[in-house]
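full-length UniProt numbering numbers the first residue of the sequence shown as 1 and each following residue consecutively.
Take a look at the structure set out below.
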Amino acid sequence: MGALGATGLLSKAGLSEASNGAIGNVPTQVADVNQTSPELEKWVDEVPRPSVLKPDGRKKGKSYYEVDMRQVEQQLHRDLPPTTVWGYEGQYPGPTIETKRGEDVYVKWKNNLPEEHLLPVDETLHGTGPDVPDVRTVTHLHGANVEPESDGGPEAWFTQNFEEVGPTFEKKTYWYANEQPSTSLWYHDHALGITRLNVYAGLAGFYFIRGKHERALDLPDGKYEIPLVFQDRTFNDDGSLFYPSGPDEDEGEPNPDPSVVPEFFGDTSVVNGKAWPRLTVKPRKYRFRMLAGGNSRFFNLKLFQYDEETQTIGDPGPTMTQIGSDGGFLEKPVEISDRLLLGPAFRADIIIDFSEYEGQSLLLHNNAPSPFSGVAGEDPDDVQPLPEIMLFDVQEKGCKRDKSCIPKRLARVPEINPDNAVEERELPLVEGVDEYDRLKLLLGTRESPNGLNWDAPITEDPKVGTTEIWDLINTTVDTHPIHLHLVQFQVLGRRPFNVDQYNADRESGSVGPISDYCTGELEPPAANNRGWKDTIDADPGYVTQVIAHFGKFKGLFKDFTGEYPWHCHILEHEDHEMMRPYEVLPREDGDNLFPNPLVAKKSGRTLFKIGPPQDLDGDCLYEDVNGDDEFDIEDAIALGQVAWAYENSYLELSDEQVAALDANGDGELTTQDAIALGRMALFG
């Protein structure tokens, strides 16, 4: 196995000499097209658990952290010399940040890295060049509902000690509101044009939001709750990280040196910073917070009984039960009867019960091909790229009574109603080539179906508080994990379409609406994709349909406006233009979600007139409910009338309208909201 490129061929290597006078093994020039890692014995190192970061103090009465990015040496395998990596707080992966739902957190991300990059920098990509520092960082909290100034956008980068900053840099200390469900987020670097290098060097870590509801579920916790980040790496003989300086020279025109590669697949499984590790577990239930954190690799996972002496795979092992996805708990547990698919940046909250496997070894097996196109092998003995991920050793006994459980119900996941969508956008994913004849993947629109670069004018501009449907039209041969910053969306399903006809019309400039090309009905999402998602696999030959609400929604999230990215999370694609900005626009003066007058749904009789929005304190959009240009107790009375009519089915309101009148933030519209609004009016 080698460091595979997008065509499945072994990639050419060539790494620049690293910097800073750092002690230890750093990448050196490598010119072997067939570069592979040294032979490493598997299952000799125990899986480490990332440490939990403690706050450095308080800011505005809330938790405040200062997190350094540093270059360090770390032992990634017993038989490898120490590897030079980059890590948050000098750890790879970085320490876990844990917080409570609704509790503000402030983080100052600090770049204390050397001035020369650890890996080869292609200066022909967007955001790079001879006048731009090679070592730039900016941290994105993936999956966070966050203000744009704290989102960690690709051009908000900064160098050591903030000596140089990018064009959209706004602040040194980020604010995270955490007004979203209990979930597993993760933080990672997002600097324009070098994200793939910075993350590969080690800049990633977990971020958990916990809520009161979670504690009541009696899930496995403490030492029985373990985060697992799955990655792939290739090593040089001296233990340093290998990353190719360009694609195979046989492909296309001569490339710049160094040059981006279409995709990168390492030949060694790395879990929590250890190569091919093992985890000793007791015969009981465990909760695993799983993350696919590699550059390009998909994981399609299943447990099998494993004979370590003969290195043979036996019968299937315990079934995984998924209780959460990217953005929070599912409504009810889902048994993964076959395999668990994790694309780049996907998270899965999983419970595994080892109680029937005392004294056995279990192999976590992957059969996802690389590159991935939505199709995987069936036989666990098939030779697949990186089939063996890690080993579980189940102890014979010694476990106290397991009091944890898998609840029948987990959480309420409010549905975003497609009938409330004010816009449906057709967004093709297309292949092209750049000026060096290198493969370049792009995101487009109905009006620009051949794709747009990162710096083209913004084309997606939802208004805060509205709902939109986005149709991801994959005309390419690979699956793309598409990520939207700011929002947690829901998956409506996918439809097959005639790719050849669509591409022919696209190239001739006569592409029609995507409905003209669809060849089948909308296929509903799998049960474990019916919760909150922020990254979704858009398979080739399909229109993947997602729905997002851009603002407060039934007691969740906050209203934020400004620019955010959306992109493919294959990092080599993202760095090479498969990323676009979108902008959430503010409400305009006089915007009103309500038709006036509001009428009874059966009789058509006029019930109420509701005034334009006045966001006086940020707690309730419609404070001037009766439209007299004042906020007083009369508005609470008017809201009580509206709420009573809605509760008793005399009045139909959309999700957006309910959210606008939800004064107490519980996600519902009841007469309790009138009481809350009255208190605001009387006491401020």
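Where is the CB? At the ideal position from N, CA and C, for every residue including glycine.
Alpha carbon of residue 688 to alpha carbon of D134, nearest angstrom: Not covered by the structure: residue 688. The range shown for the chain is 1 to 684.
First through last residue of the alpha helix (DSSP H) which encompasses I570: For the purposes of this step, residue 570 is taken as residue 570 along the sequence shown, with counting starting at 1. Note, I570: premise wrong, no alpha helix (DSSP H); not H, not E.
Spatial distance of A144 from H485 (CA atoms): Start at 1 with the first residue of the sequence shown, and residue 144 comes out as number 144. Start at 1 with the first residue of the sequence shown, and residue 485 comes out as number 485. Approximately 7 Å, taken between the alpha carbons.
C-alpha gap between D673 and F631, whole angstroms: The residue you call residue 673 lines up with position 673 of the sequence shown. The residue you call residue 631 lines up with position 631 of the sequence shown. Looking at the two C-alpha atoms, the distance is approximately 15 Å.
Ranges of the beta strand (DSSP E) found wholly within the stretch 471 to 512, counting only runs of at least 3: 480 to 484 and 490 to 496
Where T195 sits in the DSSP three-state scheme: Here residue 195 corresponds to residue number 195 of the sequence shown, with the count starting at 1. In the structure shown, T195 sits in a helix (DSSP, three-state: H, G or I).
Residues bridged to F230 (per DSSP): Taking the first residue of the sequence shown as position 1, residue 230 is located at position 230. Note: F230 sits in a beta bridge opposite V271 and A292.
Local Cβ density within 10 Å of V642, reported as buried at 16 or more and exposed below that: For the purposes of this step, residue 642 is identified with residue 642 of the sequence shown, where counting begins at 1. Per the 10 Å Cβ criterion, buried.
Option in P318, V85 and Q311 with minimal Cα separation from Y286: As a first step, residue 286 is located in the sequence shown; it is residue number 286 there, counting from the start. Nearest option by C-alpha distance: P318.
Rounded straight-line distance, which links the Cα of L556 to that of P93: The residue given as residue 93 occupies position 93 in the sequence shown. The residue given as residue 556 occupies position 556 in the sequence shown. Those two C-alpha atoms are separated by around 29 Å.
Cβ contact check for the stretch 289 to 303 and the stretch 337 to 346: 3 or more pairs under 8 Å: yes
P130, buried or exposed, once every other Cβ within 10 Å from all chains shown has been counted against 16: In the sequence shown, the residue the question calls residue 130 occupies position 130. Exposed: under 16 other Cβ atoms inside 10 Å.
Whether S182 touches T84 by CB criterion (8 Å): Within the sequence shown, numbered from 1, the residue matching residue 182 stands at position 182. Within the sequence shown, numbered from 1, the residue matching residue 84 stands at position 84. Going by C-beta atoms, S182 is not nearer than 8 Å to T84.
Contact under 8 Å by Cβ, P48 with K400: Taking the first residue of the sequence shown as position 1, residue 48 is located at position 48. Taking the first residue of the sequence shown as position 1, residue 400 is located at position 400. No; because the gap between Cβ atoms is not below 8 Å, this pair is not in contact.
Reference T128, options L217, G87, V260 and L40, closest by Cα: Looking up residue 128 in the sequence shown gives position 128. Ranking the options by Cα distance to T128, first place goes to V260.
N664, buried or exposed, once every other Cβ within 10 Å from all chains shown has been counted against 16: Taking the first residue of the sequence shown as 1, we reach residue 664 at position 664. Classification for N664: buried.
Residues sharing a beta bridge with N111, DSSP: Position 111 of the sequence shown holds residue 111. In the DSSP output, where bridge partners are listed per residue, N111 has M69.
Helix, strand or coil at T467 [DSSP, three-state]: As a position in the sequence shown, residue 467 is number 467, starting the count at 1. Here T467 sits in strand by DSSP.
Assumed close pair F550, V422 - CB separation to whole angstroms, cut-off 8 Å: The sequence position of residue 550 within the sequence shown is 550, counting from 1. The sequence position of residue 422 within the sequence shown is 422, counting from 1. With a Cβ gap of about 10 Å, F550 and V422 do not count as contacting.
Bridge partners - M320, DSSP secondary structure assignment: Counting from 1 along the sequence shown, the entry for residue 320 is found at position 320. In DSSP, M320 forms a bridge with I336 and I352.
Straight-line gap, V121 to D257 (C-alpha atoms, nearest Å): If you number the sequence shown from 1, residue 121 lands on position 121. If you number the sequence shown from 1, residue 257 lands on position 257. In a straight line, the C-alpha of V121 is about 9 Å away from that of D257.
Backbone secondary structure at R679 - three-state DSSP: On the sequence shown, residue 679 is found 679 positions in, with the first residue counted as 1. Of the three classes helix, strand and coil, the one that applies to R679 here is helix, per DSSP.
Start-to-end residues for the alpha helix (DSSP H) that takes in H213: Position 213 of the sequence shown holds residue 213. K212 to R215 is the span of the alpha helix (DSSP H), which, as asked, contains H213.
Alpha helix (DSSP H) segment containing E647, residue limits: Locating residue 647 in the sequence shown gives position 647, where the first residue counts as 1. Element bounds for E647: I633 to E647.
Residue closest to L439, alpha-carbon to alpha-carbon, out of K172, I482, L639 and P262: On the sequence shown, position 439 is the one that residue 439 refers to. Comparing Cα-Cα distances from L439 to each of K172, I482, L639 and P262, the minimum goes to P262.
8 Å Cβ cutoff met for S325 and A348: Within the sequence shown, the letter at position 325 stands for residue 325. Within the sequence shown, the letter at position 348 stands for residue 348. Cβ distance < 8 Å, so S325 and A348 count as in contact.
Anticipated Cβ contact below 8 Å, K171 with E149, distance rounded: By one-based count along the sequence shown, residue 171 stands at place 171. By one-based count along the sequence shown, residue 149 stands at place 149. That pair is a contact at about 5 Å.
Pairwise C-alpha distance: L217 and F208: Within the sequence shown, residue 208 is the residue found at index 208, counting from 1. Within the sequence shown, residue 217 is the residue found at index 217, counting from 1. Approximately 16 Å, taken between the alpha carbons.
Own chain partners of G327 with C-beta closer than 8 Å, once the 5 adjacent residues on each side are dropped: In the sequence shown, the residue the question calls residue 327 occupies position 327. Contacts found: G143, Q180, P181, T183, Q488, G531, W532, K533 and D534.
Check whether L118 and A201 have beta carbons under 8 Å apart: Sequence index remark: in the sequence shown, residue 118 carries index 118 (1-based). Sequence index remark: in the sequence shown, residue 201 carries index 201 (1-based). Cβ distance < 8 Å, so L118 and A201 count as in contact.
Rounded distance between the beta-carbons of L391 and R233, thought under 8 Å: Numbered from its first residue, the sequence shown carries residue 233 at position 233. Numbered from its first residue, the sequence shown carries residue 391 at position 391. With 8 Å as the limit, R233 and L391 do not qualify as a contact, their Cβ atoms being about 18 Å apart.
Nonlocal neighbours in the same chain, by C-beta distance under 8 Å from K408, ignoring five residues either side: Counted from its first residue, the sequence shown places residue 408 at position 408. So the list reads K332 and P333, once near-sequence residues are dropped.
Cα-Cα separation, T445 to G493: The residue you call residue 445 lines up with position 445 of the sequence shown. The residue you call residue 493 lines up with position 493 of the sequence shown. When rounded, the distance between both Cα atoms is 20 Å.
Cβ pair A411, H188 closer than 8 Å: What you label residue 411 is simply residue 411 of the sequence shown in a count that begins at 1. What you label residue 188 is simply residue 188 of the sequence shown in a count that begins at 1. Cβ distance not < 8 Å, so A411 and H188 don't count as in contact.
Buried versus exposed call for C405 [16 or more other C-beta atoms within 10 Å across all chains shown]: Along the sequence shown, one-based indexing puts residue 405 at 405. Label assigned to C405: exposed.
Inter-residue Cα distance where the pair is D520 and D537: Working through the sequence shown from its first residue, we reach residue 520 at position 520. Working through the sequence shown from its first residue, we reach residue 537 at position 537. Sequence check: residue 520 is Gly here, not Asp. Cα to Cα, the separation comes out at about 19 Å.
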